[in-house]
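Reading through the structure tokens given below for one structure.
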Amino acid sequence: MTTVTLDGLDLSALLCSRVCHDVISPVGAIVNGLEVLEDDNDASMREFALDLIRKSARQASARLQFARIAFGAAGSAGASIDLADAEKVSRGMFADDKTQLTWSAPQALFPKNKVKLLLNLVMIATSAIPRGGLIDVKVTGDGEAPLLILTAKGSHARIPAHVVDLLAGTPEGGSVDAHGILAYYAGLVARAAAMDVRLTIEGDEVTIRAEPTAAAAEPPAPAADAPEAVEEARPSDSEPSDTALA
5 MTTVTLDGLD LSALLCSRVC HDVISPVGAI VNGLEVLEDD NDASMREFAL
55 DLIRKSARQA SARLQFARIA FGAAGSAGAS IDLADAEKVS RGMFADDKTQ
105 LTWSAPQALF PKNKVKLLLN LVMIATSAIP RGGLIDVKVT GDGEAPLLIL
155 TAKGSHARIP AHVVDLLAGT PEGGSVDAHG ILAYYAGLVA RAAAMDVRLT
205 IEGDEVTIRA EPTAAAAEPP APAADAPEAV EEARPSDSEP SDTALA
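Anchor point for the sequence shown: position 124 equals 128 in our numbering, and the numbering is continuous, going up by one each time.
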């Protein structure tokens, strides 16, 4: 299939649409809670509204912090992001949700694109278990050659429709919409980070595995000798050596 390449304007517009989609619900709930506080003097209703505002504000903040690293230029002053920050924003996404998160990763700085890939794969894992469940994240290796394994387990687990093609940059129909931009963007980041992403399913468990591409994993070839230079440096048989001259 033909690889689809989005221009900068379309890519940024679709990512902005995705971020807005994620935060519009909690922000709307905050507005509703404020309206209740303005119009209702009942103590129980006011307490309900305050609780709604608190929860929704935390949720909106968590989603924005996550998006800042997953899609944005967080940490642009350097080339690395702390995996502890990735864990923190990921846990914030599931604080009040039906999905639990377990996380095992070294305390280390990893290249920015590899961390961005990890966070985008967390979101793909979330979509693999629409009824909730458990997402287990394991990161091993170092920043140059990490192994990322995410396991999503839950009722009605499935590999989301078209996500494999979107990761490869070959979406069905030859176009990308706001629903598919996350997987398409994850594929862009994976290729920029020289990482290969594979999805498998067995029963109610979906596994996402990301590892360095074959080319990136190969050690650099040793420098070839320069026989010409060696020959030039060696005295010829017809020339007297320094010892003979002495």
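We put the CB at the ideal spot given by N, CA and C, even for glycine.
Can you give me the C-alpha to C-alpha distance between residue i and residue j, rounded to a whole angstrom?
i, j, result
"A149", "E215", "7 Å"
"S84", "P175", "30 Å"
"R22", "P30", "14 Å"
"R58", "G37", "9 Å"
"L192", "A66", "24 Å"
"D181", "A88", "32 Å"
"P134", "E51", "31 Å"
"L122", "L152", "7 Å"
"V126", "R95", "11 Å"
"H183", "D55", "31 Å"
"V8", "A187", "13 Å"
"V27", "I73", "15 Å"
"F70", "I212", "20 Å"
"V168", "A53", "42 Å"
"A109", "T204", "22 Å"
"L170", "G177", "11 Å"
"V35", "C20", "21 Å"
"A47", "S60", "20 Å"
Where do the ends of the beta strand (DSSP E) carrying residue i lie?
i, result
"T103", "T103 to S108"
"V210", "E209 to P216"
"R202", "M199 to E206"
"A156", "L151 to K157"
Take the Cβ of residue i as the centre, count every other Cβ of all protein chains shown within 10 Å, and call the residue buried at 16 or more, exposed below.
i, result
"M49", "exposed"
"A77", "exposed"
"A194", "buried"
"L13", "exposed"
"V201", "buried"
"V210", "buried"
"G32", "exposed"
"Q104", "exposed"
"S179", "exposed"
"N124", "buried"
Could you check whether residue j and residue i sit closer than 9 Å to each other, using their CB atoms as the reference points?
i, j, result
"T106", "A129", "no"
"F114", "V143", "yes"
"D101", "A161", "no"
"G185", "L68", "It should be pointed out that residue 185 corresponds to Ile in this sequence rather than to Gly. Contact: no."
"K118", "G158", "no"
"A197", "K92", "no"
Which residue comes first and which comes last in the alpha helix (DSSP H) that contains residue i?
i, result
"D14", "G12 to D43"
"I185", "I185 to A196"
"D169", "V167 to A172"
Beta strand (DSSP E) segments (min. 3 residues) lying fully within the stretch 63 to 148: 84 to 86, 103 to 108, 113 to 115 and 137 to 144
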